[in-house]
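Chains as they are written, first to last, in full-length UniProt numbering: chain A, 1 to 382; chain B, 1 to 293.
C-beta atoms are modelled at their ideal positions from N, C-alpha and C, and glycine is treated no differently.
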């Protein structure tokens, strides 16, 4: 009972503060903080917290401070829908970031679209995410843009002519990444020796790897998330497969050096962000992140960090009325024109189309950086 | 490639069998499908990881610690959850559902304590590289898993056949009530079985996470699904069945990948399983209306 009373007092205090000054801008973050995708979600939350702290410390947005409302969507579609409803209708946030996985985004984004709430994906790289409608934004560079560049680089440097393919076929993200690899391989005339699959939670990949090895490819194309990607690298090297491995976004994280310690060399990845990218903004981001969280950031933290800054840049051009419905529309209208140079480099939006070719949401317009791993670091390939 | 796939199949099959041994033991004696076995498996992996990382113990000591800690967790599950349900004569589905709750609690606790990140044992805890002979590769962990699976199975089988505790266990498996009338301490045996089954699950957790190089809170979940298939195939509650069922699933999966295609892996493995159950509905070693320990 005492808890109830203090909760009511606390509620009265916060609502009082909001009505007098409108000093708080509520921003929703739906991230997978538990479940199988939790390691991405945690990095994403950290990225948002760091950005919010920095923006608020620098005086906020035209005097208003950003308040993050972070909810755990567990990396599951059903939960993402619940969390979106809570953030949009109950917490009445101005914009929702997330959810973490493309799977969940396809399920939850239509709710934001229907309620005219801007929604901003920072880690959804599957095709069609922004086809939902004009309230859907993302700064995650799609794999359709990244993978062809990665392949071009490795063909140029290593003379790769034929590849074996291994991918997770029970996940929208790794499947979509596979589809993009297939398209890029075809466009660039690279032969595929064999295509193998695995499922989430598998512990053994040696059957597939042995089969791939027997087809004698020049490199292995791998579309996996970290939990499987690490063991795959280790088991490949244990089987004596020392070929270059070309990865998608899912295994582009410094964590791979830990998970595949001793077996992490010669992994080629393309991504909008690299820990080795030597710009001032990126260096500051990495230092601040390490100071606050005690670990190295990854691509997902960097994209979350940039995303909040992009929205903040848009909000600075908008005069908020305090009417949440109007403010959401105003933010949506301001977002497409934002340009920003963040941890991931220069950024702007490009118009995406829906399935019938009509304009829909907005994708990222950004150049990827191709890196190869060596001795526990990413080396940028020029 | 064929010889390498044989080795792959043998080690994967042993992985499944190792997990299924404790799982089937608890069913054979207590008559409970313990859906917390996957979580206990995870507890063992984390216990050993902490022992290796924090206390810098060698891997054999970490295995002993994992054995004891997950055994104690199994004992606690029996005392706190299964035993009260037995006393109240709960219908047989109720303990199974209760163990789902236990699994969720253990998974969340692990995530709260250690975070959701995938972790791994530091390199060098076991010899990392693989032994190569004539183009074939096998790792120390794989040899360890295969050997330990066989050793544990032999010990369990001999223990059940030859020792008085084993005889008592088989009597309990036949009918707890009749065993109690004959003066056997049924509750005590249930406790011992819960400890041993969970302890074996914990050891399996350590070995399999060394094998896969991955320790994470939900690591027991996919294994649990395979484990259920294995013990159904082997005959619920049968120790030999767990080994043969595990090896069967391992071989079916690996050879489905090798000769049919990896997208068809689960379809082939579980299709075969279904066919076998059509012919032998009680599983390979199961007998109708009878539980065996």
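C-beta neighbour in chain A for residue i, strict 9 Å
i: residue 223 of chain B; result: yes
i: residue 208 of chain B; result: yes
i: residue 280 of chain B; result: no
i: residue 211 of chain B; result: yes
i: residue 120 of chain B; result: yes
i: residue 216 of chain B; result: yes
i: residue 63 of chain B; result: no
i: residue 175 of chain B; result: no
i: residue 201 of chain B; result: no
i: residue 139 of chain B; result: yes
i: residue 148 of chain B; result: no
i: residue 253 of chain B; result: yes
i: residue 258 of chain B; result: yes
i: residue 117 of chain B; result: yes
Three-way DSSP call (helix, strand, coil) for residue i in this model
i: residue 359 of chain A; result: strand
i: residue 225 of chain A; result: coil
i: residue 37 of chain B; result: helix
i: residue 120 of chain B; result: coil
i: residue 287 of chain A; result: helix
i: residue 165 of chain B; result: helix
i: residue 26 of chain A; result: strand
i: residue 296 of chain A; result: coil
i: residue 248 of chain B; result: helix
i: residue 173 of chain A; result: helix
i: residue 92 of chain A; result: coil
i: residue 67 of chain A; result: strand
i: residue 97 of chain A; result: strand
i: residue 14 of chain B; result: helix
i: residue 121 of chain A; result: strand
i: residue 32 of chain B; result: coil
i: residue 318 of chain A; result: coil
i: residue 126 of chain A; result: coil
i: residue 275 of chain A; result: coil
i: residue 215 of chain B; result: strand
CB contact check: residue i to chain B, cutoff 9 Å
i: residue 203 of chain A; result: yes
i: residue 122 of chain A; result: no
i: residue 38 of chain A; result: yes
i: residue 54 of chain A; result: no
i: residue 106 of chain A; result: no
i: residue 353 of chain A; result: no
i: residue 248 of chain A; result: no
i: residue 271 of chain A; result: no
i: residue 98 of chain A; result: no
i: residue 196 of chain A; result: yes
i: residue 231 of chain A; result: yes
i: residue 208 of chain A; result: yes
Beta-bridge pairing of residue i - partner residues as DSSP gives them
i: residue 340 of chain A; result: A/347
i: residue 268 of chain A; result: A/246 and A/372
i: residue 72 of chain A; result: A/31
i: residue 364 of chain A; result: A/349
i: residue 196 of chain A; result: A/166
i: residue 139 of chain B; result: B/130
i: residue 61 of chain A; result: A/64
i: residue 135 of chain A; result: Bridge partners of residue 135 of chain A: none, in fact.
i: residue 379 of chain A; result: A/372
i: residue 220 of chain A; result: A/164 and A/245
Distance between beta carbons of residue j and residue i, contact taken as under 8 Å
i: residue 195 of chain A; j: residue 215 of chain A; result: The Cβ separation is near 10 Å, so there is no contact.
i: residue 233 of chain B; j: residue 278 of chain B; result: In fact, because the Cβ distance is near 12 Å, the residues do not count as touching under 8 Å.
i: residue 36 of chain B; j: residue 77 of chain B; result: 6 Å
i: residue 348 of chain A; j: residue 365 of chain A; result: 5 Å
i: residue 61 of chain A; j: residue 81 of chain A; result: Contact flag wrong, Cβ pair sits at about 29 Å.
i: residue 226 of chain A; j: residue 256 of chain A; result: 7 Å
i: residue 193 of chain B; j: residue 169 of chain B; result: 7 Å
i: residue 235 of chain B; j: residue 286 of chain B; result: 3 Å
i: residue 129 of chain A; j: residue 109 of chain A; result: 7 Å
Spell out a yes or no on whether the segment 228-247 of chain A and the segment 198-215 of chain B are touching, meaning 3 or more CB-CB pairs, one atom from each, closer than 8 Å.
yes
Looking at C-beta atoms only, is the number of pairs between the segment 363-372 of chain A and the segment 263-276 of chain A that lie closer than 8 Å three or more?
yes
Tell me whether the segment 12-19 of chain B and the segment 199-217 of chain A touch, counting them as touching only if at least three CB pairs, one residue from each stretch, are closer than 8 Å.
yes
Segment contact, 8 Å Cβ cut-off, at least three pairs: the segment 31-46 of chain B with the segment 215-225 of chain B
yes
Pairing CB atoms from the segment 258-277 of chain B with CB atoms from the segment 23-40 of chain B, are three or more of them under 8 Å?
no
Flag this pair as touching only if the segment 98-115 of chain A and the segment 72-79 of chain A have three or more C-beta atom pairs under 8 Å; answer yes or no.
yes
If contact is defined by three or more beta carbon pairs under 8 Å, each pair taking one atom from either stretch, is the segment 302-318 of chain A in contact with the segment 51-59 of chain A?
yes
For the pair the segment 140-154 of chain A and the segment 117-126 of chain A, tell me if three or more CB-CB distances fall below 8 Å.
yes
Decide if the segment 318-334 of chain A is in contact with the segment 342-358 of chain A; the criterion is three or more beta carbon pairs, one per stretch, under 8 Å apart.
no
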